[in-house]
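Read the structure below first, then the notes.
There are 4 protein chains.
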Amino acid sequence: MHNTIEKAEGKLGILTPGLGAVATTLIAGVEAIKKNLAQPVGSLTQMGNIRLGKRTENRYPKIKDFVPLADLHDIVFGGWDVYSDNVFEAAMKAKVLEPMMLHAVKAELEAIKPMKAVFDRSYISNLDGDHVKQAATKAELAKAVMDDIENFKEANDCSRIVMVWCGSTEKYIEVSAVHETIESFEEGLLNNDPAISPSMIYAYAAIKLGVPFMNGAPNLTCDIPALIELAKQTGTPIGGKDFKTGQTLMKTILAPGLAARALGIKGWFSSNILGNRDGYVLDHPDNFKTKEVSKLSVLEDILQPDINPELYGELYHKVRINYYPPHGDNKESWDNIDIFGWLGYSMQIKINFLCRDSILAAPIVLDLALFSDLAKRAGMSGIQEWLSFYFKSPQTAPGLTPEHDIFKQLIKLQNTLRHMMGEDLITHLGLDYNQDLVEAM
Amino acid sequence: MHNTIEKAEGKLGILTPGLGAVATTLIAGVEAIKKNLAQPVGSLTQMGNIRLGKRTENRYPKIKDFVPLADLHDIVFGGWDVYSDNVFEAAMKAKVLEPMMLHAVKAELEAIKPMKAVFDRSYISNLDGDHVKQAATKAELAKAVMDDIENFKEANDCSRIVMVWCGSTEKYIEVSAVHETIESFEEGLLNNDPAISPSMIYAYAAIKLGVPFMNGAPNLTCDIPALIELAKQTGTPIGGKDFKTGQTLMKTILAPGLAARALGIKGWFSSNILGNRDGYVLDHPDNFKTKEVSKLSVLEDILQPDINPELYGELYHKVRINYYPPHGDNKESWDNIDIFGWLGYSMQIKINFLCRDSILAAPIVLDLALFSDLAKRAGMSGIQEWLSFYFKSPQTAPGLTPEHDIFKQLIKLQNTLRHMMGEDLITHLGLDYNQDLVEAM
Amino acid sequence: MHNTIEKAEGKLGILTPGLGAVATTLIAGVEAIKKNLAQPVGSLTQMGNIRLGKRTENRYPKIKDFVPLADLHDIVFGGWDVYSDNVFEAAMKAKVLEPMMLHAVKAELEAIKPMKAVFDRSYISNLDGDHVKQAATKAELAKAVMDDIENFKEANDCSRIVMVWCGSTEKYIEVSAVHETIESFEEGLLNNDPAISPSMIYAYAAIKLGVPFMNGAPNLTCDIPALIELAKQTGTPIGGKDFKTGQTLMKTILAPGLAARALGIKGWFSSNILGNRDGYVLDHPDNFKTKEVSKLSVLEDILQPDINPELYGELYHKVRINYYPPHGDNKESWDNIDIFGWLGYSMQIKINFLCRDSILAAPIVLDLALFSDLAKRAGMSGIQEWLSFYFKSPQTAPGLTPEHDIFKQLIKLQNTLRHMMGEDLITHLGLDYNQDLVEAM
Amino acid sequence: MHNTIEKAEGKLGILTPGLGAVATTLIAGVEAIKKNLAQPVGSLTQMGNIRLGKRTENRYPKIKDFVPLADLHDIVFGGWDVYSDNVFEAAMKAKVLEPMMLHAVKAELEAIKPMKAVFDRSYISNLDGDHVKQAATKAELAKAVMDDIENFKEANDCSRIVMVWCGSTEKYIEVSAVHETIESFEEGLLNNDPAISPSMIYAYAAIKLGVPFMNGAPNLTCDIPALIELAKQTGTPIGGKDFKTGQTLMKTILAPGLAARALGIKGWFSSNILGNRDGYVLDHPDNFKTKEVSKLSVLEDILQPDINPELYGELYHKVRINYYPPHGDNKESWDNIDIFGWLGYSMQIKINFLCRDSILAAPIVLDLALFSDLAKRAGMSGIQEWLSFYFKSPQTAPGLTPEHDIFKQLIKLQNTLRHMMGEDLITHLGLDYNQDLVEAM
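Line by line, the protein sequences give chains A, B, C and D.
Note that my numbering has the first sequence beginning at 162, numbered continuously upward.
Note that my numbering has the second sequence beginning at 162, numbered continuously upward.
Note that my numbering has the third sequence beginning at 162, numbered continuously upward.
Note that my numbering has the fourth sequence beginning at 162, numbered continuously upward.
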């Protein structure tokens, strides 16, 4: 199959709805990396190795030397935002990176100005911004986004475009009739159906044009039958939901470890404090609900309480997010885990993670952009389950439960790459359940 | 191959050098479990499931229903100790289990009286005890242990015996000439060579009789060419070193997770406080040295700083154990991990594990006893690398680096079981590197 | 003045509205202490010393040997509850004390059966219970409580009675017209004014009879002009609000320490998890509001941001309580404190307190009962500011700000006792020990 | 007396043996503060208020406006070090302050070059440095230091000089014969007595000249009869030992708080990790011994186990310092405190303090310099017990136990200032605000 992957020639445009802390940290970082001022730590595509063949062969190439990814020097950035600050201004306000580093790439960042956003206050009531598109119908808004994409591609001489959602968490909604078919959805766009959120409009625009779409927030967005079907029709890779950073990252590392040892878990309490725009938006109960559903789903899949009722049948799992301005983007999580061992004796684990939200998220955006572009060139379309590794709440084919165990997710990702390039698989976990992938290969 | 595994008929004798906190917690626990007073949480053999076939087949039998293990009701316990307390008295002093639970199995525990121990103050200077064997030479001591084993087997009508070291940490020594061959070792026994430690005398006695030997301390013990060779000659499964509990367990869970995400690590500081006999012995620098070597080896193998110098080349790793009587057996670990992400920005993880040392160790002893007995019946001899899952510092064939990643260790263990029973492997990790195992099957 | 304090002769009845975790832990504890099964740790009246005279005099009598307090053997307990469980049953359900200890005082506990409670679902919507008084008006309910008190006193041959509120947190209310005067309040009782809460009815009944009343919850209760005036008329000591345990205790210890060093504070985030009935009640926003107001008031008084705007002017203070059943009564708090020092450089303090709510509260109830009885015998009436030491939100005379610094509170308490007994007040100055200094001056 | 305090006219020279992290952070900070680039947070003399008169008078002047202290603009800095780096270079290497801040005061810092140090490798074996004085006898070294002081005073046109030890911790020694009298000490200087450490030579030189000397390390230094006597003869204020920062600061805040509530303490385990030069020196057991003695003494005085044997008689206290380079000057402490309450039930407190060693120490140096200069002008000589507030192990008059409780230390300091200025001493009793009580009494 690797013979059939198109080469990564020409420029790749990465467009992000949302040019806040995460996106600006990504963009400033890539510019600094191009100038050799810093390293892309946390990015598997740039820093990660992959073992090939038997252990004794000692073959551990870097992933970027193994699969044909776009080079960082060929990347062009753009995006939409409800505020009109250019990327330098937005990055300064986000206070994630030090001013000295931002000044070193000031010219590059100032040159990137946000396009006007699709925005609907009813979905994010804690935000206001006036850099927004005005149109009579959601269909017109979708059209405007498609025009933006086409114009950006031409203006920047790009051969390919990918889109990664870096915007805020919208209020909680569930799949309803308008989301069921392409027809009902397009009709909803024309009718301004309230169940069509802004993020869906971006996703629709991208998928319609065959532009890969990755969803970094817990929003429903492209996890609806209409857009999954559209992705197949247009041969577009899609994926989501919600970048797996910080606390959930730790959870999907730790839970498989405890389960490996048949240790029981009675309770898991997770608290977070953060003071950035994300924290402010999540202070509203409607938006937190969306996040909570995404965060809570993790443990059940890993621990399988139905198979292990004595160990996990009584697990009480609670997640809280607290807006706390003094910390800014320096998100901090605190977990208390009540476990029990031999004869039921109880023990406790406390984890205090002083993390940086955007620092953990930025390399994920980069990897998703590069991998989804690779998938497109490899002819893979629809849900990219092999990218579950990056998501809190992986989008899966209907009827399959998502895999949250980060170690199984990693094996799946690595074997997909090996398979693409005609190398022996190190395991055969789950590939045969992904018919789309198999057919694509 | 599963057709050729001998059945688990008759009684299995589990003999432990050391009848302190760990062994008495195991014994009292098994007796309580037999009476349905408690559950064997933390034991993979008793509580764990194993997935068979494809995910969609939904086959998750309990391990004990899948492979032919000894039944808990067929187990008989015995052991040696430098103190003459019976198991009830020793368990009361250890203060791990509640008096109420110990009283519920008092008769069974009182019936188990320790045999006199092989003891050498020069190896454990913080301990004194007078329930020890007297003999002119180490050869005679080895003979006395073999007699103990034979007598126990007959007196208790056992069909099979396994031995698991549950004693203290000896002072640090390295492999020297006397350990190189069976001949030099046996000559050393006759000459009272000071490089032959008490634990080696137990291991020699067991292996000589074909009794599987598992080493729960970081002592050198059977990790010497002489005893490895002897194990092959006598068809005896052996394994070690050092039960993986508490802090190191967490470390081998967390480090693979961070590495999966290409996050860098600058420093890892690990502190422990505990107040049991183990803590008291480790307060002596000679004994701590042995433990430290075992605990420090873990990260390097998982993180591969040679392949990832930008991420792990500068890692500073420090481990401290502090004797702190107020905590008794309630070991507590505190870890500070300095990581860095995108562009080198630093973050911190703090883990506070309020664990119970013996509660975590007891089910490991049980599993090792049952699995090594299974290995023996399956005709597997020598180092059992598939049991690395249970050890801080897994003993491996010469020339191979040990695998510390607990998730790879688990896959290896599970696939060994699948292979034994003729089921499809879910992965093919590493089996082909273990010629001994493959030939045995 | 100490010549005029009435002696503590005869029995003292301690009546508690609420016979839940706190009250039953107190009662069982006192009974166990009487039998020499345990010690009254945490009780200043029983275990505390007080320094008298100069440092060099070495006079440190126990407080109970210094002031004339009721003896534990002269105490009789009673109370009201919405559940009809006797104290033994209630203590078993509360799961604070070990069954073995409760069984040792089973007969004494079973003998105490709750009187029917005054209850109003609109004040505590998360509780239901049917062991409640029925009456046409709140005036009748107050009368019924007064009858209960009189009957209890006679039946138990008590010479004195005190009442300590150990019930739940009611919904948040503020002072309104009905609370302003004795007349308006008594009219409100007749009219069933909705602004008169159950706790006010108990307080009214007690104060009307001259029975000292101490308020262990953050409820408004006797912190209203009407009841303060009534207390003066009837010569009754009163005090509140909200027992200072756990997190707030730590806060009033730590904040004065940081302020002593002129260290700045940017943020203080306080989270709690607990799983007892108190946690369940506080899961309702109306009730949490009452608690939050009580908990938030603490820092401002200690840090005086108006006088120290550069250090505390920007302080962001947030408190959260989370219901988490796995912990039961074992409340756990986690605090993150963002401080800054020299040149504004930031530092962080994290405090994780694994406490036991009722274990910390029980000795406070005892001390307040004994001290308020002492105050009554000493002829002190109205608000007892010298007992601020025990309260999260001390009730003070109108116009005065409460003192929250626990060290100043302690000096106030001790000097009040010294003053009562005619001893010199202590200032900790020690100038007279420093002859050089004294001479120099 | 305030009429007799000499005015703070002319320049004040602050000389520090040791121009490492602490001293350079102080100097750079003062220079930045003079330029209004930062604030002297953590300095009581600069930021602290003092309450005067009754609470209702509302008089809270800044301390620097209340007592006649030297103005920051009148301060000149100098010092000695074993390395020849100027203060700018040393500050850059110390990595405490950000380069940007250091560059803002670069010229001022570069102008300060260390004088050659008195150094003796046998007292600090982990340090080497060649910027050291050479002389035949310790008497000559003392003379050289005195010359340095005089030269500095003249060259910088100072009216007064104070000296504050900011050097490393020396190896542990106890008082011996040579330290007993001025005569034996001066003879020892001539004889090169090995029991006279470098820090004693500095202290002797200062005190001989009447220059106030404050000791920031746990070294014995001026806590010997010979130098105490000399201080009286020359009218020199002295004080020590060991700046109270970080963990011990927290300990002297928290322990009084727990004792206030009569809560018992079973164990207190304190661990530290730090990676600066101080940590490196303390990695040597001889030097750690000196520090350990200083750190361990704290709890006993506060808790008075002799008076409270049931609560503190069994307390196990352990302190560990671990050199951990990844943290640099960002010292981090972790404390585990095992307390017990009502009926002996146990609870735990964990404190994790992410502090910055030099940021906490620098303002202490400033305050000690200014207050010891004030004491000198006020005619106070010998041990300044009222400055105990700043020390881990306060030097006291023979026969008196030191006061460690930070709240009593603060009252002592404030009342000394009030006494100096003729203000009423404050007792925090507030009886006069409680008319009822007063009338009742």
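Glycine included, each C-beta is placed from N, C-alpha and C at the ideal position.
For secondary structure counted as the beta strand (DSSP E) over 3 or more consecutive residues, the segment 343-424 of chain C holds these complete runs in sequence order: 374-376, 398-400. If only uninterrupted alpha helix (DSSP H) runs of at least 4 residues are considered, those enclosed by the segment 442-495 of chain D are 446-464, 470-473.
Annotation: C/PRO446 has no Cβ neighbours in chain A at a cutoff of 7 Å; minimum Cβ distance is about 11 Å.
Residue-level contact check: D/PHE568 touches chain C, since one or more beta carbons of chain C fall below 8 Å from its beta carbon. With at least 16 other beta carbons inside 10 angstroms of its own, D/ASN497 counts as buried. Distance from the CA of C/THR217 to the CA of D/PRO470, rounded to the nearest whole angstrom, comes to 20 Å. In the structure shown, the three-state DSSP call for C/GLN509 is strand. Looking from the CA of A/ASN448, the closest CA among A/ASP403, A/SER286, A/LEU230 belongs to A/SER286.
Under the 10 Å beta carbon count, A/GLN295 is surrounded by fewer than 16 other beta carbons and is classified as exposed. When C-beta atoms of the segment 422-430 of chain D are compared with those of the segment 459-478 of chain D, three or more pairs fall below 8 Å, so the two segments count as touching.
One Cα belongs to A/PRO379, the other to D/ASN491, and the distance between them is close to 37 Å. Assignment of A/ALA278 by DSSP, reduced to helix, strand and coil, places it in the strand class. Chain-ordered listing is empty here: chain C has no CB closer than 9 Å to the CB of D/TYR441, the nearest sitting near 22 Å. Contact annotation, C/ASN317 with C/GLY174: C-beta distance approximately 6 Å; criterion of less than 8 Å satisfied.
Using a C-beta cut-off of 8 Å, the segment 495-515 of chain B makes contact with the segment 504-517 of chain A, since at least three inter-stretch Cβ pairs fall below that distance. When C-alpha distances from D/GLY540 are compared across D/PRO398, D/ILE463, D/GLN207, D/TYR551, the shortest belongs to D/PRO398.
A distance below 8 Å separates the beta carbons of B/VAL323 and B/PRO373.
A check of alpha carbon separations from A/THR165 across A/VAL228, A/GLY203, A/GLU192 identifies A/VAL228 as the nearest. A/ILE310 sits close to A/LEU176, with the two beta carbons spaced by under 8 Å.
Two segments are said to touch when three or more pairs of C-beta atoms, one from each, lie closer than 8 Å; by this definition the segment 177-190 of chain A touches the segment 245-256 of chain A.
Note that the C-beta distance between D/LYS369 and D/THR382 is not below 8 Å. For C/LEU173, no alpha helix (DSSP H) encloses it; the enclosing beta strand (DSSP E) starts and ends at 172-178.
Annotation: Cβ neighbours of A/LYS511 in chain C (cutoff 7 Å, chain order): ASN513.
Classified as exposed, A/ALA338 has fewer than 16 neighbouring CB atoms from the shown chains inside 10 Å of its CB.
Around the beta carbon of D/HIS340, a 10 Å sphere encloses 16 or more other beta carbons of the protein chains shown; the residue is thus reported as buried. Residue pairing of B/ARG220 in beta bridges, as defined by DSSP: B/LEU213. Residue state for B/VAL202 is assigned as coil, using DSSP reduced to three classes. Nearest in C-alpha terms to D/THR206, of all of D/ILE587, D/ASN576, D/GLN394, D/LEU529, is D/LEU529. GLN465, ILE468, ASN469, GLU471, LEU472: these are the residues of the segment 459-477 of chain D whose beta carbon lies less than 9 Å from some beta carbon of chain C, given in chain order. In the structure shown, the three-state DSSP call for B/ASP226 is helix.
For B/THR330, the closest Cβ of chain A is not nearer than 8 Å.
When DSSP states are grouped into helix, strand and coil, B/GLY436 belongs to the coil group. Taking a Cβ-Cβ cut-off of 8 Å, the neighbours of B/ILE520 in chain A comprise GLY502, TRP503, LEU504, TYR506, MET508, given in sequence order. Distances from the alpha-carbon of A/THR557 to those of A/ILE434, A/GLY396, A/GLU546 put A/GLU546 closest. A buried status is given to D/HIS565, since no fewer than 16 other beta-carbon atoms sit within 10 Å of its beta-carbon. Taking 8 Å as the upper bound for CB-CB distance, B/LEU258 and B/ALA189 are in contact here, some 6 Å apart.
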